[in-house]
Amino acid sequence: MTLRLFNTLTGQLDDLVPSDGLALRMYACGPTVYDFGHIGNFRTFLQVDVLRRFLKLTGVNVLHVMNITDVDDKIIRNAAAAGIPISEYTPRFIDAFFEDLESLRVERPEQIARATDHIDRMVELVQRLAAVGAAYKTEDGSWYFRLAAFPEYGKLSKKDLSGMEDGARVDVDEYEKDSARDFALWKAVKPGETSWDTPIGRGRPGWHIECSAMAMEYLGESFDLHAGGEDLMFPHHENEIAQSESVTHKPFARHWMHVRFLLVDGRKMSKSEGNFYTLRDLLLKGYKASAIRMALISVPYRHQLNFTFDGLTEATNAIERLRTFHQRLLQGNFAAGANPALRAAAEKAQADYMAALANDLNTAEARAPIFDLIRTSNTAIDQSQFFAGDRDAILAVLASFDAVFDVIEDRDAEPTRRAVEWAEKAGRVADIAPGLLARESLNDEAIDALVAERTLAKKQRNFARADQIRNELAEKGILIEDSKDGVRWKRK
RNA sequence: GCACCGGUGGCGAAGUGGCUAACGCGCAGGUCUGCAAAACCUGUAUUCGCGGGUUCGAAACCCGCCCGGUGCUCCA
């Protein structure tokens with residue numbers, strides 16, 4: 001099964017396979033750590049997670065590099081405002097970022113690369129660019145990329161810059177640049193700003209150079225896939241190509257994947273619109289991490305996703321159906337034997353599921369065969385046509401589903417607990433949804449004891465007491481289900 | 001202004017020339033149950049923004065229009 005993935009560079013679906021036959025080498029732009037991540041950021045990271053998980057499911061090894069931009073204008077500004085050096089400012093947001101990824105069950109890339117750990121590689125790249133005449137230094141000590149040195153500029157974003165390259169005609173504010181479109185490789189030191197003393201002068205790197213330098217450091221001069229949000233296509237990725245290919249004369253990344261922006265309530269998310277949410281905001285409102293994951297990956301990556309609270313509720317309920325069924329399989333007592341029709345259904349579901357994902361990661365289409373199989377199986381169970389031998393076949397399909405979606409196993413308590421803990425420290429107790437803490441107040445043993453008491457009451461036909469217990473538990477988010485295989489309970 | 005993407009049931013969403021238009025959520029009725037929950041069954045778009053056209057045949061292709069969104073600048 002080969003993944004056919006839309007390639008921005010070619011404008012069509014291309015097979016994504018490791019060019020060296022060993023591992024798929026991919027680079028995905030990571031966060032700029034000046035604040036907590038918001039759901040827009042996480043949609044992109046989640047979709048890249050879907051990609052790498054699906055590749056692994058098809059047996060492809062992955063070497064995934066993610067950068068952390070830990071020096072840029074916003075970081076410098078915010079750190080200055082906080083009165084601390086950036087080396088003290090960024091770590092807490094880096095930690096928060098990885099904590100959030102863990103909450104969302106995003107797999108760690110094989111290699112994390114911080115910009116400030118790779119200054120010398122960036123300096124080397126600027127020197128190489130200067131050597132081939134693609135970089136020049138201005139009076140103030142900054143270095144710029146000479147766009148005129150790279151005729152293919154614009155090939156990724158399909159921009160025709162022919163009318164704009166006439167730098168001499170443009171009214172250029174930054175008079176020292178040769179052309180208005182030339183972009184910064186290295187910014188000369190300014191008073192009070194973080195800087196590094198290097199062979200090309202004292203200063204700090206431009207934004208684009210870090211990705212070229214670090215991608216080549218870990219993946220080589222030419223690699224398989226480069227991914228990121230759609231906004232990065234231009235100018236960021238275009239500039240990366242220019243910087244890299246000008247010195248290597250090889251294709252930088254063969255395949256480019258861009259994840260579409262999401263909307264919130266039909267509008268672009270922004271702080272001024274009041275529709276801006278971090279992961280922590282949603283967890284504190286009582287939404288489960290798994291539901292957020294599900295909502296953000298269920299709309300295919302190339303489609304605009306309109307994020308709403310109704311959508312989160314839908315995702316919550318869909319996960320509930322998956323988990324209830326999963327639990328039913330694990331706890332049920334099935335007679336020996338097997339139902340050939342179920343084996344066939346499982347095989348078909350598995351094939352359809354894989355085919356949907358192989359088709360440009362169509363996550364929406366991929367869900368359908370799984371839910372079909374659940375209905376078919378539930379029907380069989382209800383009719384006593386489901387046997388012990390069927391269980392493993394169905395569980396294997398669910399495992400394939402969860403290898404990518406990863407929402408069935410309930411690990412939602414921990415992210416919520418962490419968010420609450422953080423809110424208490426950060427003085428945001430008022431943002432914690434009522435009942436969120438009460439929900440965690442009952443431990444499993446206490447619940448089991450109450451459930452046992454209810455079962456006894458039922459046996460004695462004391463339904464008033466039994467219902468009283470059920471209501472008490474319901475108030476704390478514990479739902480009880482009676483079945484012929486015994487009583488099940490779950491946390492809502 | 002230029003460019004791009006989209007408009008499918010109450011909501012989300014798949015489907016891009018031909019089977020009864022997936023799937024999830026919701027809602028209504030039924031079965032089961034002490035009552036529930038879960039599960040299952042039935043119903044929930046005679047039709048895919050609007051108007052033309054191409055075709056034996058279109059939600060899908062073409063033209064026009066209306067509406068929503070995005071990019072062209074820092075942004076995942």
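Numbering (our numbering), first residue to last: 1 to 492. C-beta: ideal position from N, C-alpha, C; glycine also. A quick note: this is a predicted structure, and the numbers were derived from the prediction, not measured.
Given residue i as reference, the closest of the options once Cα atoms are compared
i    : options                : result
D95  : V33, I86, D392         : V33
L279 : I319, F97, I370        : F97
I394 : P199, F307, T376, S179 : T376
A180 : F223, G11, F145, C211  : F145
P109 : V65, I478, P191, V132  : V65
Q350 : L398, G311, N362       : L398
F183 : M216, L156, A242       : A242
G11  : I292, H258, A336, S384 : H258
P18  : R254, I381, E217       : R254
K484 : M233, I381, R454       : I381
S103 : A474, N462, A419, K459 : A419
T324 : W256, E409, A289, G274 : E409
A446 : N362, K476, I76, N41   : K476
E217 : D120, G154, A130, G266 : D120
D265 : S246, F234, D310       : D310
G21  : L13, G59, Y27, L9      : G59
P415 : A215, L361, P369, R293 : R293
I209 : L13, L473, T69, N462   : T69
L46  : L156, S384, T363       : T363
CA-to-CA distance, residue j to residue i, given in whole angstroms
i    : j    : result
A341 : T2   : 28 Å
D15  : R4   : 4 Å
D352 : T116 : 45 Å
V189 : S195 : 6 Å
H249 : S400 : 41 Å
V132 : E124 : 13 Å
N67  : R105 : 19 Å
G206 : M122 : 9 Å
A466 : T455 : 7 Å
A493 : S270 : Residue numbering for the chain in the displayed model covers 1 to 492; residue 493 lies beyond these limits and cannot be assessed.
A346 : L373 : 7 Å
R169 : L262 : Reliability fails at R169, whose pLDDT of 37 lies under 50, so the model's placement of it is uncertain and the value that follows must be treated cautiously. Computed Cα separation, rounded: 38 Å.
E365 : A356 : 6 Å
G167 : E421 : A caution first: G167 carries a pLDDT of 38, below 50, which makes its placement in the model unreliable, though a value can still be read off. The straight-line gap from Cα to Cα measures roughly 54 Å.
G30  : K492 : 33 Å
I112 : I319 : 31 Å
R417 : G40  : 23 Å
S87  : R114 : 12 Å
R77  : D100 : 24 Å
E481 : A413 : 21 Å
Q127 : P251 : 20 Å
S272 : L436 : 28 Å
L322 : F42  : 23 Å
V247 : L129 : 6 Å
K458 : D444 : 21 Å
L473 : V487 : 14 Å
L156 : R367 : 32 Å
Cross-strand partners of residue i (DSSP beta bridge)
i    : result
D14  : L5
A23  : N61
G486 : S483
K137 : W143
F183 : F145
M257 : A227
H38  : T278
Q111 : V65
A188 : G203
N359 : R4
A28  : M66, A227
* Asked: What are the complete beta strand (DSSP E) segments, minimum 3 residues, inside the region 65 to 95?
  -> Counting only unbroken stretches of 3 or more residues, no beta strand (DSSP E) element lies wholly within the region 65 to 95.
* Does the count of Cβ pairs from the region 383 to 394 and the region 30 to 44 closer than 8 Å reach three? -> By the Cβ criterion, the region 383 to 394 is not in contact with the region 30 to 44, since fewer than three pairs of Cβ atoms, one from each stretch, lie closer than 8 Å.
* Is there contact between the region 221 to 234 and the region 183 to 201, where contact requires at least three CB pairs shorter than 8 Å? -> Here the region 221 to 234 makes no contact with the region 183 to 201; the two share fewer than three CB pairs at distances below 8 Å.
* To do: Within the region 260 to 322, note down every full alpha helix (DSSP H) run reaching 4 residues or more, in order along the chain.
  => Runs of the alpha helix (DSSP H) lying entirely within the region 260 to 322 and spanning at least 4 residues, in chain order: 279 to 284, 289 to 297.
* **Any beta strand (DSSP E) of 3 or more consecutive residues that is wholly inside the region 195 to 226** => Taking only runs of at least 3 residues, the beta strand (DSSP E) segments lying wholly in the region 195 to 226 are 196 to 198, 201 to 205.
* Validate contact between the region 446 to 459 and the region 297 to 309 using beta carbons, cut 8 Å, 3 pairs -> Flag = no, the region 446 to 459 and the region 297 to 309 do not touch.
* Asked: Would you call the region 217 to 224 and the region 152 to 160 in contact, with 3 or more CB pairs under 8 Å?
  -> No: fewer than three Cβ pairs fall under 8 Å.
* Between the region 236 to 245 and the region 267 to 278, are three or more C-beta pairs nearer than 8 Å? -> With a cut-off of 8 Å on Cβ pairs, the region 236 to 245 is not in contact with the region 267 to 278, counting fewer than three such pairs.
* Tell me, please, whether the region 402 to 414 touches the region 38 to 57 by the rule of three or more beta-carbon pairs shorter than 8 Å. => Yes, the region 402 to 414 is in contact with the region 38 to 57.
* For the region 332 to 346 against the region 72 to 88, are there 3 or more C-beta pairs whose distance is under 8 Å? -> Under the Cβ criterion (8 Å, minimum of three pairs), the region 332 to 346 does not count as touching the region 72 to 88.
* To do: Indicate whether the contact test is met: 3 or more Cβ pairs, each with one atom in the region 280 to 289 and one in the region 421 to 431, closer than 8 Å.
  => Yes: the two stretches touch, three or more of their Cβ pairs being nearer than 8 Å.
* **Every unbroken alpha helix (DSSP H) within the region 430 to 484, with a cutoff of 4 residues, ordered by chain** => Qualifying alpha helix (DSSP H) stretches, in chain order: 444 to 459, 463 to 475.
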